[in-house]
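When the letters of the sequence shown are read in order and numbered with UniProt numbering, they come out as residues 1 to 264.
From the three backbone atoms N, C-alpha and C, an ideal C-beta is built for every residue, glycine too.
Predicted model only: the values in this text are computed from it and were never measured.
Encoded as structure tokens, the structure appears first; notes follow it.
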Amino acid sequence: MAKHKLDVTIGNVSEVYDGPGGILWEMLMGEQIHVGAEAETDVLARKAGVGAETHLLDVCSALGGPARYLSRNYGCRVTGLDATQRMHAEAIRRTAEAGLSGKLDFVLGNALDMPFPTSTFDVVWGQDAWCYITDKQRLVEECARVLKPGGVLAFTDWLETGPMTDEEWRALNAFMVFPYMETLDGYAALAEAAGLTVVEREDLTPDFATHVQGYLDMVQNDFRQAIIDNYGQEMYKAVEEGITLWRDASAAGKVGRGRLVARK
């Protein structure tokens with residue numbers, strides 16, 4: 001579990017996703033804004049046992065891409081929770097446009113103090129977003145609280161996977177506006193401490209570097225001119241340098257990604 005943290009607040013993360021950061025990540029990842037897009041959502045849904053009777057909470061639901069996909073393809077009821085005003089408003093707008101307003105709810109709120117009663121959801125879910133949360137112990141405790149007995153916690157996240165210098169640690173987290181990254185062991189320990197039983201944990205690091213290289217290729221080729229035209233040369237340079245740093249760290253096995261499934 002984390003030894004130290006950057007001084008990142010929920011306000012800092014909201015600034016990123018209310019501004020160019022949210023647009024950039026959607027350019028690179030599509031509206032699901034996580035590694036692997038719909039294929040990864042399908043894998044997690046199968047592992048979580050999502051079906052037509054499921055009430056699922058998507059924690060850090062962003063633009064609502066996964067929520068709409070799950071509703072359409074699995075028939076489940078989804079509540080999305082996000083703290084960023086632009087993402088929240090855009091999720092509602094896109095959901096209405098898709099004709100799914102009656103099937104999905106989006107709540108503006110903090111994952112560390114969830115505005116839901118205890119034992120509300122069959123599945124609590126997250127995809128590559130909890131790296132932004134400042135207190136992951138509190139986050140997992142809140143996830144466990146709002147899960148029904150027998151319910152499933154299922155999530156993927158970006159992880160710290162190998163030793164790095166303090167300077168590397170700071171640069172990698174600062175570029176992404178992460179307070180810190182958890183480890184897979186750390187998340188498993190937090191889940192167990194919150195009273196959950198870990199059913200499955202999987203290190204997804206081996207192909208993470210390939211995805212990051214893909215994002216760098218898109219920045220340097222497909223979107224270079226659009227980033228310069230809209231946000232200036234300096235912003236382009238910062239994005240290119242930051243993603244290059246992540247590409248190198250992921251290739252060296254210092255950062256990666258994992259999946260964890262636990263039951264209450």
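Apart from sequence neighbours up to five positions away, the residues of its chain that approach Leu-108 with a beta-carbon distance below 6 Å are His-88, ordered along the chain. In the DSSP secondary-structure assignment, Trp-125 is bridged to Asp-58, Ala-154. Annotation: the continuous alpha helix (DSSP H) that includes Asp-229 extends over 224-231. Note on the stretch 158-230: whole alpha helix (DSSP H) runs with a minimum of 4 residues are 166-176, 184-193, 208-217, in chain order. In the structure shown, Asp-42 adopts helical secondary structure according to DSSP, grouped into three states.
For Gly-256, the enclosing beta strand (DSSP E) begins and ends at 255-263. Asp-7 carries a coil assignment under DSSP once its states are collapsed to helix, strand and coil. As the crow flies, the alpha-carbon of Glu-160 is around 16 Å from that of Gln-127. Judged by DSSP secondary structure, Val-50 falls outside any beta strand (DSSP E); it is assigned neither H nor E. A residue is called buried when at least 16 other Cβ atoms come within 10 angstroms of its Cβ; Gly-195 does not meet this threshold and is exposed. Nearest in C-alpha terms to Thr-95, of all of Glu-38, Leu-70, Ala-52, Gly-242, is Leu-70. Collapsing the DSSP output to three states places Thr-120 in coil. Put simply, of Phe-175, Asn-173, Ala-67, Asp-166 the residue whose alpha carbon is nearest the alpha carbon of Val-124 is Ala-67. For the pair Arg-257 and Phe-208, the CB atoms are nearer than the 9 Å cut-off. Distances from the CA of Val-199 to each of Ala-111, Glu-168, Lys-47, Asp-217 were compared; the closest alpha carbon is that of Lys-47.
Put simply, the stretch 211-222 does not touch the stretch 146-163. Fewer than three CB pairs are less than 8 Å apart.
Going by DSSP, Thr-79 is part of the beta strand (DSSP E) stretching over 77-82.
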